[in-house]
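Chemist: Please see the structure below; I have some questions.
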Amino acid sequence: MDFLSTRGGVPPTPIDDALVAGLAPDGGLYVPASIPVLDLDVPRATLAETAAATLAPWFSTSRLEAQLPALCAEAFAFEAPLRPLYGAGDHVLELFHGPTAAFKDYAARFLAGALGALRSPAAPDTTIVVATSGDTGAAVAAAFHRRPGFRVAILYPEGRVSPRQAHGLECWGDNVRAFRIDGSFDDCQRLAKHALSNVALRTRVPLGSANSISLGRLLPQSAYYVHAAAAHHARHGAPLHLVVPTGNLGNACAAVLARAMGAPLGEIRLACNANDTLPRFFAGADYAVQPTRATLANAMDVGAPSNFERLRHWHPDDAALRAGFAADSVDDATIRRTIAAAPARHGIVPCPHTATALAVLEQLREAGDTRDWAVVATAHPAKFETIVEPLIGQAVPLPPALADCLSRRAHGTPLPADDAALAATLEAW
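Under the working numbering, residues 69 to 497 are what the sequence shown spells out, in order.
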């Protein structure tokens, strides 16, 4: 299977090369030259089996083809349960049961395994540069920690992630370093993209990407949507509609890809926080990057969503794109109200990001929508205890993996939002 750049400046690229490169040489994002359509209505016994079947067409020409079931068994070793909420037709897709209690654990583990299997033992170490708004960095750190042949440089906006998120970014050591960037997530994202597209730097320091711009993140994330949709369809004979909390649009694009491959998914609704670049566009305004605003749902504090480039590539024009999606902006006051009411109204304690999706679901129900919907729970609420616990009036128990992270010493290095400073740091490492 070959992949193209969203910017059209590179020839068709085999999947192994696209995985290793992360970002296309012309600065674009890799997208499949064509999307295979499979029979994805029939549920499989485990998420790992679903992942192997979903990913098989993409890896049919890869050196990883024979190893794919083993890679999926390792990456998808924990389930992603689809659970009913209190309301009729309301569900939650729980994606926070991995080692760092966030949805990004699945794809980060798959990418680490794939890149490790593709790496030549004689090759120099690769530095994975990852920008994070809170959860990506920890998932990538956990996946690559002490993995031979790799280093991880985490770039995160200082003061704009929760204390427990910050600890989860800084507690690894060994081959992982966390850099506290003096700026926003968009600054971190710009730094990472500039480094990855800096040809001169990459000749001196082999670099790779683990952000949602990477195919190694996009493709495996489609698996849990396929798995949930197939189980729901078998049980109810109807498609499952999704409300996806979104910032950089990677997780939502994975749902779009799953639907295009044949998963019985219906509407995919985007739940955003006060960073309303996407809601403005889908309401009819020209696409315009907005300055990032700090919110309670910090992992979604993105003013320039990278994966919008993929979403645009998959549609003939903006009119067709707007016709296929809706995006809603949820402010902090609504997030607080939703968290406080969620235990009684929905039967769960949500993190602030999941609360944006619950708020959108509530709006849909109030408008008379009776279809079956699942809100996507992207992180465990215990990562945001300073926000959640005062609102629900009780402590949120720590999942064991998160408790282990918090028990370790943490250390981060301050770094200005400057391309030359990052390049010099990477070269000196």
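Virtual Cβ for every residue (Gly too), placed ideally from N, Cα, C. Predicted model, so just to flag it, every value in this text is computed and none were measured.
1) Compute the Euclidean distance between the alpha carbons of residue 351 and residue 390, then round it to the nearest angstrom.
2) Using alpha carbons as the reference points, say which of 110, 250 and 383 lies closest to residue 305.
3) Could you name each continuous alpha helix (DSSP H) segment of 4 residues or more that falls completely within the segment 136-182, going from the start of the chain to the end?
4) Which first and last residues belong to the alpha helix (DSSP H) in which residue 204 is found?
5) With DSSP run on the structure shown, which of helix, strand or coil describes residue 422?
6) Put residue 374 into one of helix, strand or coil per three-state DSSP.
7) Pick helix, strand or coil for residue 311, following the three-state DSSP scheme.
8) Taking the alpha carbon of residue 96 as the point to measure from, which residue in 417, 415, 377 and 149 has its own alpha carbon closest?
9) In whole angstroms, give me the CA-to-CA distance for residue 172 and residue 148.
10) Taking the beta carbon of residue 436 as the centre, do at least 16 other beta carbons fall within 10 Å, making it buried, or is it exposed?
11) State the start and end residues of the unbroken beta strand (DSSP E) segment that holds residue 100.
12) What are the partner residues of residue 70, as DSSP defines its beta bridges?
13) For a test of the three-state rule: what should DSSP assign to residue 118, helix, strand or coil?
14) Note down the Cα distance separating residue 404 from residue 248, rounded to an integer number of angstroms.
15) Terminal residues of the continuous alpha helix (DSSP H) containing residue 460?
16) What number of angstroms, rounded off, separates the C-alpha of residue 184 from the C-alpha of residue 145?
17) Which residue's Cα is closest to the Cα of residue 139: 160, 130, 156 and 177?
18) At the level of alpha carbons, what is the spacing between residue 163 and residue 169?
19) Compare the Cα-Cα distances from residue 410 to each of 114, 141 and 461 and report the closest residue.
20) Could you check where the beta strand (DSSP E) with residue 495 kicks off and where it finishes?
21) In three-state terms, what does DSSP make of residue 199?
22) Can you tell me where the beta strand (DSSP E) holding residue 334 begins and where it ends?
23) If I measure Cβ to Cβ from residue 464 and keep anything under 7 angstroms in the same chain, skipping five residues before and after, which residues do I get?
24) Work out the CA separation of residue 256 and residue 250 for me, nearest whole Å.
25) Quick one: what does DSSP say residue 427 is sitting in, helix, strand or coil?
26) Run through the segment 264-305 for me and flag every whole beta strand (DSSP E) of 3 or more residues, listed as ranges in chain order.
27) Output needed for residue 433: all residues of its chain with C-beta closer than 7 angstroms, excluding positions within five of it in sequence on either side, in chain order.
28) For residue 194, which residues in the same chain have their Cβ closer than 6 angstroms to its Cβ, ignoring the five residues on either side in sequence?
29) Rounded to a whole number of angstroms, what is the C-alpha to C-alpha distance between residue 102 and residue 466?
30) Looking at the unbroken alpha helix (DSSP H) that takes in residue 223, where does it start and where does it end?
31) Do the segment 207-227 and the segment 286-297 meet, that is, are 3 or more Cβ pairs less than 8 angstroms apart?
32) Of the residues 264, 118 and 126, which one's Cα is nearest the Cα of residue 143?
33) Assess contact between the segment 222-238 and the segment 322-331, defined as three or more Cβ pairs (one per stretch) separated by less than 8 angstroms. Is contact present?
Modeler: In terms of the structure at hand:
1) Reading the sequence shown from its first residue, position 283 is the one you call residue 351. Reading the sequence shown from its first residue, position 322 is the one you call residue 390. Using only the alpha carbons, I get a separation of about 8 angstroms.
2) Looking up residue 305 in the sequence shown gives position 237. The shortest CA-to-CA distance from residue 305 to any of 110, 250 and 383 is the one to 110.
3) Listed in chain order, the complete alpha helix (DSSP H) runs (minimum 4 residues) inside the segment 136-182 are 136-143.
4) For this step, residue 204 is matched to residue 136 along the sequence shown. Where residue 204 is concerned, the enclosing alpha helix (DSSP H) stretches over 204-212.
5) Numbered from 1 along the sequence shown, position 354 holds the residue referred to as residue 422. In the structure shown, residue 422 adopts helical secondary structure according to DSSP, grouped into three states.
6) By one-based count along the sequence shown, residue 374 stands at place 306. In the structure shown, residue 374 sits in coil (DSSP, three-state: anything other than H, G, I, E or B).
7) Against the sequence shown, residue 311 aligns to sequence position 243. DSSP places residue 311 in strand when its eight states are reduced to three.
8) Residue 96 sits at position 28 when you count from the first residue of the sequence shown. Answer by Cα proximity: 377.
9) For this step, residue 172 is matched to residue 104 along the sequence shown. For this step, residue 148 is matched to residue 80 along the sequence shown. The alpha-carbon of residue 172 is positioned some 12 angstroms away from that of residue 148.
10) Within the sequence shown, the letter at position 368 stands for residue 436. Under this definition residue 436 is an exposed residue.
11) Here the question's residue 100 lines up with position 32 in the sequence shown. From DSSP, the beta strand (DSSP E) with residue 100 extends over 98-100.
12) Within the sequence shown, numbered from 1, the residue matching residue 70 stands at position 2. Under DSSP, residue 70 shares a beta bridge with 82.
13) Taking the first residue of the sequence shown as position 1, residue 118 is located at position 50. Three-state DSSP puts residue 118 in a helix.
14) Residue numbering aside, residue 404 sits at position 336 when the sequence shown is read from its first letter. Residue numbering aside, residue 248 sits at position 180 when the sequence shown is read from its first letter. The C-alpha of residue 248 is placed about 27 angstroms away from the C-alpha of residue 404.
15) On the sequence shown, residue 460 is found 392 positions in, with the first residue counted as 1. Per DSSP, residue 460 belongs to the alpha helix (DSSP H) from 453-460.
16) The count along the sequence shown starts at 1 and reaches residue 184 at position 116. The count along the sequence shown starts at 1 and reaches residue 145 at position 77. One C-alpha to the other measures close to 18 angstroms.
17) Indexing the sequence shown from 1 puts residue 139 at position 71. Answer by Cα proximity: 177.
18) Taking the sequence shown and counting its residues from 1, the one referred to as residue 163 is at position 95. Taking the sequence shown and counting its residues from 1, the one referred to as residue 169 is at position 101. Their Cα atoms are separated by approximately 8 angstroms.
19) For the purposes of this step, residue 410 is taken as residue 342 along the sequence shown, with counting starting at 1. Across the set 114, 141 and 461, the C-alpha of 461 shows the shortest separation from the C-alpha of residue 410.
20) Here residue 495 refers to the residue found at position 427 when the sequence shown is read from its first residue. Looking at the DSSP string, residue 495 is not in any beta strand (DSSP E); the run it does join, the alpha helix (DSSP H), is 487-496.
21) Reading the sequence shown from its first residue, position 131 is the one you call residue 199. DSSP places residue 199 in strand when its eight states are reduced to three.
22) In the sequence shown, counting from the first residue as 1, residue 334 sits at position 266. DSSP places residue 334 inside the beta strand (DSSP E), whose first and last residues are 333-340.
23) In the sequence shown, the residue the question calls residue 464 occupies position 396. Taken in chain order, the residues that qualify are 417, 449, 450, 453, 456 and 457.
24) As a position in the sequence shown, residue 250 is number 182, starting the count at 1. As a position in the sequence shown, residue 256 is number 188, starting the count at 1. C-alpha separation (whole angstroms): 9 angstroms.
25) The residue labelled residue 427 in the question sits at position 359 within the sequence shown. Of the three classes helix, strand and coil, the one that applies to residue 427 here is helix, per DSSP.
26) If we require 3 residues or more, the beta strand (DSSP E) runs fully inside the segment 264-305 come out as 275-277.
27) For the purposes of this step, residue 433 is identified with residue 365 of the sequence shown, where counting begins at 1. Hits under 7 angstroms: 155.
28) Against the sequence shown, residue 194 aligns to sequence position 126. Setting aside the 5 residues that flank it on each side, residue 194 is surrounded in the same chain by 218, 274 and 276, each with a C-beta closer than 6 angstroms to its C-beta; the list follows chain order.
29) Taking the sequence shown and counting its residues from 1, one reaches residue 102 at position 34. Taking the sequence shown and counting its residues from 1, one reaches residue 466 at position 398. Taking C-alpha positions only, residue 102 is separated from residue 466 by approximately 43 angstroms.
30) As a first step, residue 223 is located in the sequence shown; it is residue number 155 there, counting from the start. Premise fails: residue 223 lies in the beta strand (DSSP E), 218-225, not in any alpha helix (DSSP H).
31) They do not touch, by the three-pair rule.
32) Counting from one through the sequence shown, the residue named residue 143 turns up at place 75. It is 118 whose Cα lies nearest to the Cα of residue 143.
33) With a cut-off of 8 angstroms, the segment 322-331 and the segment 222-238 do not count as touching, because too few Cβ pairs lie within range.
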